[in-house]
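Chains as they are written, first to last, in this note's numbering: chain Y, 1 to 523; chain Z, 524 to 777.
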């Protein structure tokens, strides 16, 4: 299979190849299509190591001697009991399973350094793991990689209440950081449905997006510093708390979003915004997607600086929420629903702006129905209609998840086209997501794993995305499942340079192997 | 029969807010703290609006006793479907001392003034947990009372009521006019939808003073002290059974 993927890479490609041309090249190769299908038949399925994954690279296997070493530096925190290791071998979606036999739980950066130094010298593969909430199979082993969990590295190191800079270890759970900050009148700059389990190190390693990106920007902007351990055990201290520092290359940017393949993040310093004094959540219903987009424009114009989130879900999502989670629709049935959040420092000012916006939206018939919440309990209830769609989908059957960036006006067209394309093959086809960021979550469910359905979805969805120069993974990352699709959104020269950087920082390739970078890149 | 229902709505600290006791232990911090309608009052409003939608009653009047901000609470009731509001203006020391006895005197006076057929209240407020206003109001008016209602149905000039009591459910039939207090399972309050929120801004809220109603607000109660409950001690996690035994011995438990 690997050799087949090599074939198209050897094809002479003109510089700056157009996405459509790339698709044509890939489409024209029957072998590539076949290997794509085979990749999926294995990767999303079975109870044993994914057969669709690449063959095991020649890492060493863990010996009793290795375990003795680990037990010396991590007494009581070297787990080999299969029952205790098992949850860390399976991802949240229960779609991929590894066969690791060792789970290590360091508490300090020094311990991580000792572990990696040892593993590097012994040629043992390592799978860094945070909250294990990733959706692309990047957080669990593929074979017997040693799982390096940051769960016990959960100390908050410092919080500066004047600058709002929080410094903490990588294993801090996002929701716990939020609680800590809220008591001090601040909030985290990111928020996502997995907040109760995901850890900040993992968030940074995957450049998590979430519900507040529209307002506070991405982690590339809010992370001020990182402390990392490199593959050979070297500790790289870039844990600055400075807002501005133009002294040399900004190394931390390379590691943000590197998915554990370039280094293990052990500490993070992040710039946090003040807790807003006034939060309002509005739930609106629109008849057409065009009206939804016009509402977005109106929103940006009239709510402007107080807008903190603009999310959407379609009527299919609402049906799943009603059916599987018994969450009632707060307004009348509409084809599209919007969740808008405003955050500001003055309740009266915000209420007035919101009132003006809502009046305009209703009188110009952009919006057919809606409701407003100012109380925390109601705000949580309205947000749960957007945040729990992922959960509702897990009850509908086996879910094929796609996280796509597209030009905003094209977002729903993909959903409509997919529905037409799949016809009766799929059980449900739903669209929802961060429409304000141009990010669609397209999900297709089926009563059980269905290779024929998968073959109909892929590469159709990736080709459609590439034809708009979109991203085949807006925020979920590549992990195991999407690593070989990188070429739909990145040119081969760029990917080749990524491979060079990986080779430089991790010559033995022990950090999170089989993930993120495509198989056809020679190490 | 006037077909008019009075619904009492109380402005309380939002139930999701973490309560802080004032440093001088005279009460809890309310300045700058998020307030909202008492959840049981919301259920009462919902029931009243439902009765109106079924055309069993003609008018829903929302009443709140308190300072200027109480009008926001009345607006919420109007957005849910109440027809008009009455704000009984009580502020300062009088508001601090306002309790079930004073409020029930006010409601009784208003019921007579408005010729109300039914008074719907929440069973209790989540700030004081008194669970007294409904009962006192009924006593002052010498009306029947249906408290902890989980089901209400009107049958002519009588009301069939199901009450949630410790032993189970009690079915009673009472005459009108009556006082009903709403329990949790009576209904699920609706979200106020945008068209209704817009309409609510035009509905009328009349302001009256307790003196106008001939009500004496003197309290028979004096708050001596307000303090936090004892802090919950953190638990401890141990790695092995041996550690557990050591810790138990240290704590003198074994």
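C-beta: ideal position from N, C-alpha, C; glycine also.
- Counting C-beta pairs with one atom in each stretch, the stretch 214-232 of chain Y and the stretch 110-119 of chain Y have three or more that are closer than 8 Å, which means they touch.
- Taking a C-beta cut-off of 9 Å against chain Y, none of the residues of the stretch 616-645 of chain Z qualify.
- Under the criterion of beta carbons closer than 8 Å, residue 252 of chain Y and residue 271 of chain Y do not qualify as touching, at roughly 13 Å.
- The three-state secondary structure of residue 580 of chain Z, taken from DSSP, is coil.
- Ranked by how close their Cα comes to the Cα of residue 652 of chain Z, the residues Z/561, Z/717 and Z/588 have Z/561 in first place.
- For residue 681 of chain Z, the pairing in a beta bridge is given by DSSP as Z/678 and Z/698.
- The beta-bridge partner set that DSSP reports for residue 728 of chain Z consists of Z/608.
- Nearest C-alpha to residue 521 of chain Y among Y/512, Y/492 and Y/101: Y/492.
- With respect to residue 372 of chain Y, residue 280 of chain Y sits close: the two C-beta atoms are nearer than 8 Å.
- Per DSSP, the unbroken beta strand (DSSP E) holding residue 227 of chain Y starts and ends at 223-229.
- A distance below 8 Å separates the beta carbons of residue 375 of chain Y and residue 559 of chain Z.
- In this model, residue 413 of chain Y and residue 295 of chain Y are separated by some 18 Å (Cα to Cα).
- When beta bridges are read from the DSSP output, residue 337 of chain Y appears opposite Y/285 and Y/313.
- Within chain Z, the residues 537, 538, 539, 559 and 562 have their CB atoms less than 9 Å from the CB of residue 377 of chain Y, given in chain order.
- Contact between residue 129 of chain Y and residue 152 of chain Y does not hold, since their C-beta atoms are separated by about 12 Å, which reaches or exceeds 8 Å.
- Within the DSSP secondary-structure output, residue 128 of chain Y pairs in a beta bridge with Y/148.
- The three-state secondary structure of residue 170 of chain Y, taken from DSSP, is coil.
- Between residue 514 of chain Y and residue 461 of chain Y, the gap from beta carbon to beta carbon reaches 8 Å or more.
- Distance between residue 637 of chain Z and residue 736 of chain Z, taken at the CA atoms: about 12 Å.
- Contact note: residue 318 of chain Y does not reach chain Z at a C-beta cutoff of 9 Å; the least C-beta distance is about 14 Å.
- Here the alpha carbons of residue 106 of chain Y and residue 283 of chain Y stand approximately 44 Å from one another.
- Just so you know, the alpha carbons of residue 673 of chain Z and residue 314 of chain Y end up roughly 35 Å apart.
- Within the stretch 365-398 of chain Y, the residues whose Cβ lies closer than 7 Å to any Cβ of chain Z are, in chain order, 369, 370, 371, 372, 375, 376 and 377.
- Per the coordinates, the alpha-carbon of residue 656 of chain Z lies some 21 Å from the alpha-carbon of residue 683 of chain Z.
- Taking a beta-carbon distance threshold of 8 Å, residue 106 of chain Y does not count as an interface residue toward chain Z.
- Below 8 Å, enough C-beta pairs join the stretch 444-452 of chain Y and the stretch 385-398 of chain Y to call them touching: three or more.
- Annotation for residue 560 of chain Z: the continuous beta strand (DSSP E) segment containing it runs 558-560.
- Within the model, the alpha-carbon separation for residue 90 of chain Y versus residue 200 of chain Y is close to 20 Å.
- Using a CB distance cut-off of 8 Å, residue 762 of chain Z counts as an interface residue toward chain Y.
- No Cβ of chain Y is located within less than 8 Å of the beta carbon of residue 704 of chain Z.
- Looking at the backbone, the Cα of residue 739 of chain Z and that of residue 347 of chain Y are separated by about 35 Å.
- With respect to chain Z, the C-beta atom of residue 188 of chain Y has no partner C-beta closer than 8 Å.
- Every unbroken stretch of the alpha helix (DSSP H) spanning 4 or more residues and falling wholly within the stretch 376-416 of chain Y is given here in chain order: 376-387 and 389-394.
- Assignment of residue 157 of chain Y by DSSP, reduced to helix, strand and coil, places it in the strand class.
- Under the Cβ criterion of 8 Å, residue 601 of chain Z is not counted among the residues facing chain Y.
- In the DSSP annotation of this structure, the continuous segment of the beta strand (DSSP E) that includes residue 443 of chain Y starts and ends at 439-446.
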